[in-house]
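Undergrad: Residue numbers (this note's numbering): 61 to 465. Yeah, the Cβ is synthetic: ideal placement off N, Cα and C, and Gly gets one too. The structure is given below, and queries will be raised subsequently.
Below you can see the structure in the form of structure tokens.
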């Protein structure tokens, strides 16, 4: 724990009646280490200073800077949507600073409460402990300076907005709802849980974790440039939308239904396929969901498409592929390379494969399903069809193998 520091709480009630709020966390260039003596503490990974700006609406704006500062630990919580952040705090409060400086027990438990709330007649009131009350009217634009955050939980609702350089902690939670928006440069944690509802929007440049779980519903939108995580789960419903540029993982589970959409550029394993065959990745689609992946390289893949869903895979490399298509689903694979490939279709499902290279290739079609392969290079192939189903292989080559027939 820091010298002259205790854990304290700042409650930010940012949403007044008929008012929208914007909270912004952004990096600053000035050095904060020159102002306060800081020691290492659990969860604090960096020392880059930031400013935390609270903009409750057009009538009052609170921003923090200042020269007379004292240092303390802080958790920021907004009761009616907003952001909960675990940070280091330096706050402008001259009266309390003078009293704390003269006290050997600084800061005592009497001064462990910080709150920001709205008064009907006086506007926004910023309260620091029992002996320091400042209002926006008195200070004009009161200032609070924060060192680099160890963000643990971001919760944004209504029209709130959060921008942060990084979240570095053991467990990260991000909850988005309403018209809320959040932009994060870097998230690093053991575990990450992301929830998006309403028409919320979340954008992350880089996410590095051991386990990541993303749940989206409504019109929620999620954008991610880089994801490095051994175990990843996406669960989407409603008309939610995910766009991921690059994913490095060993096990990926995607469940997409309703009118939701999942799009990825490149998904690949961090291990050699031969060393990770036990990891099973799954992509499940239902309703009118859409999944598009340009490049996919994972050890074992189980794909399920139902309803009016659409699955479009580009370059796909795996040890074992199991594809099940039913309903009126549409599945397209540009280039499939696998040791074993099993395709099972039924209903009005349609499966198209441009190029296939597999030691073992099995097709089972029923109902009015349609399977078309432009070019197949296989060692062993087994095709079974029933009902009004149709299986077409335009070009076929057999490779040398003990299992070749």
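(1) Determine the closest residue to residue 231 out of 271, 246, 238, 259, with distance taken between C-alpha atoms.
(2) DSSP three-state call for residue 86: helix, strand or coil?
(3) Could you check what DSSP says for residue 452 in three-state terms: helix, strand or coil?
(4) Would you tell me roughly how many angstroms separate the C-alpha atoms of residue 451 and residue 314, rounded to the nearest one?
(5) In chain order, what residues of the same chain have a beta carbon less than 6 Å from the beta carbon of residue 352, not counting five sequence neighbours either side?
(6) Assuming residue 348 contacts residue 374 under a Cβ cut-off of 8 Å, what Cβ separation, rounded to an integer in Å, is found between them?
(7) For residue 395, which three-state DSSP category applies?
(8) Please classify residue 168: is it buried, with 16 or more other beta-carbons within 10 angstroms of its beta-carbon, or exposed?
(9) Looking only at its chain, what residues have a beta carbon closer than 6 Å to the beta carbon of residue 457, apart from the 5 residues adjacent to it on each side?
(10) Starting from residue 305 and walking both ways along the beta strand (DSSP E), at which residues does that stretch end?
(11) Quick check on this structure: which residue in 310, 312, 302 has the alpha carbon closest to the alpha carbon of residue 260?
(12) Of the choices 329, 387, 331, 382, whose alpha-carbon is the least far from that of residue 346?
(13) Where does residue 429 sit, in a helix, a strand or coil, going by DSSP?
(14) For residue 196, which three-state DSSP category applies?
(15) Please list the terminal residues of the continuous beta strand (DSSP E) segment that includes residue 271.
(16) Under 8 Å, do residue 443 and residue 411 count as touching if we go by C-beta distance?
(17) Excluding sequence positions up to five away, which residues of its chain have a Cβ less than 8 Å from the Cβ of residue 463?
(18) Who are residue 405's beta bridge partners in DSSP?
(19) Note the first and the last residue of the continuous beta strand (DSSP E) segment covering residue 355.
(20) Would you mind working out which of 268, 239, 277 sits nearest residue 292, comparing C-alpha positions?
(21) Give me the Cα-Cα distance between residue 385 and residue 356, rounded to the nearest whole angstrom.
(22) Work out the CA separation of residue 285 and residue 276 for me, nearest whole Å.
TA: If we stick to the structure as given:
(1) 271
(2) With a pLDDT of only 31 at residue 86, under 50, the local geometry of the prediction cannot be trusted, and the value read off the model is given with reservation. Strand.
(3) strand
(4) 28 Å
(5) 323, 372
(6) Contact doesn't hold; Cβ gap of about 21 Å is too wide.
(7) strand
(8) Unreliable positioning characterises residue 168 in this predicted model, as indicated by a pLDDT of 32, which lies under 50. The coordinate reading is nonetheless provided below. The residue in question, residue 168, is exposed, as its Cβ has fewer than 16 Cβ neighbours within 10 Å.
(9) 437
(10) 301-308
(11) 302
(12) 387
(13) coil
(14) With a pLDDT of 35 at residue 196, under the threshold of 50, the modelled position of that residue is not reliable, and no figure is offered here.
(15) 261-276
(16) no
(17) Residue placement at residue 463 is flagged as unreliable, the pLDDT there being 40, under the threshold of 50; the coordinate-derived value follows with that caveat. Hits under 8 Å: 419, 420, 439, 440.
(18) 385, 425
(19) 350-357
(20) 268
(21) 19 Å
(22) 17 Å
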